[in-house]
Amino acid sequence: MKKDNKTAWICLAAAGLIEIIWAYFMKQSHGFTVLVPSIVTIAFLILSFFLLERGIRTFGIGMSYAIFTGIGIAGTTAIGIILLDEILSVAKVMSLLVLITGIIGLKFCEEDEGEQQ
14 MKKDNKTAWI CLAAAGLIEI IWAYFMKQSH GFTVLVPSIV TIAFLILSFF LLERGIRTFG
74 IGMSYAIFTG IGIAGTTAIG IILLDEILSV AKVMSLLVLI TGIIGLKFCE EDEGEQQ
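So the sequence shown is residues 14 to 130, counted in my numbering.
Shown next, in the form of structure tokens:
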């Protein structure tokens with residue numbers, strides 16, 4: 014794996030993890046009416062999208078955005094359950110597994126397309 018690919022993967026993973034942070038603080042901002050969580054949300058949102066762009070530059074928009082949102086969805090769901098007393102259900106777990114399976118499938122599609130070119 015080339016150095017650019019490693020850097021892009023790190024940036025993409027970081028972007029997804031940072032998405033979890035800004036989503037949590039957006040909830041804490043209560044519609045951007047509380048100053049500190051609002052500022053944290055905006056700062057991490059900008060950083061997250063900056064890092065996402067690095068992934069898009071290397072892997073394209075489809076796969077990059079799927080990974081970014083997949084990490085964000087899985088992470089914010091976990092944060093919601095752990096910190097915000099949201100309900101854990103079988104349907105939620107199954108849906109997350111389908112999401113993760115789809116993201117992995119997209120990655121394999123990208124590899125197959127790269128071999129054909």
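The C-beta atom is built at its ideal place from N, Cα and C for all residues, glycine as well.
Look at the Cβ atom of residue i, then the Cβ atom of residue j, and state whether they are nearer than 9 angstroms.
i: MET76; j: LEU110; result: no
i: LEU65; j: PHE81; result: yes
i: LEU25; j: PHE72; result: yes
Do you know how far the Cα of residue j is from the Cα of residue i?
i: SER51; j: ILE59; result: 12 angstroms
i: ALA27; j: PHE62; result: 10 angstroms
i: LYS117; j: VAL47; result: For the sequence presented, residue 117 should be read as Ile rather than Lys. Computed Cα separation, rounded: 38 angstroms.
i: ILE74; j: VAL103; result: 31 angstroms
i: PHE9; j: ALA91; result: With the chain running from 14 to 130 in the structure shown, residue 9 is simply not present.
i: GLU99; j: THR89; result: 11 angstroms
i: TRP22; j: GLY115; result: 18 angstroms
i: VAL106; j: ASP17; result: 34 angstroms
Which of the three DSSP states is assigned to residue i in this structure?
i: LEU101; result: coil
i: PHE63; result: helix
i: SER77; result: helix
i: VAL47; result: coil
i: SER42; result: coil
As a quick exercise: from the options, pick the residue whose alpha carbon is nearest that of residue i.
i: ARG67; options: ILE95, ALA56 and THR20; result: THR20
i: MET4; options: ILE23, VAL103, LEU97 and ALA79; result: A question about residue 4 goes unanswered here, because the residues of the chain that appear run from 14 up to 130.
i: TRP35; options: GLN41, SER42, PHE57 and GLY29; result: PHE57
By Cβ distance below 8 angstroms, which residues in the same chain neighbour residue i in space, the five residues on each side in sequence not counted?
i: LEU112; result: GLY83, ILE86 and ALA87
i: ILE69; result: SER77 and TYR78
i: LEU101; result: ILE94
In its own chain, which residues sit with a C-beta less than 6 angstroms from the C-beta of residue i, not counting the 5 before and 5 after it?
i: SER42; result: PRO50, SER51 and THR54
i: GLU32; result: SER61 and GLY85
i: TYR37; result: ILE92
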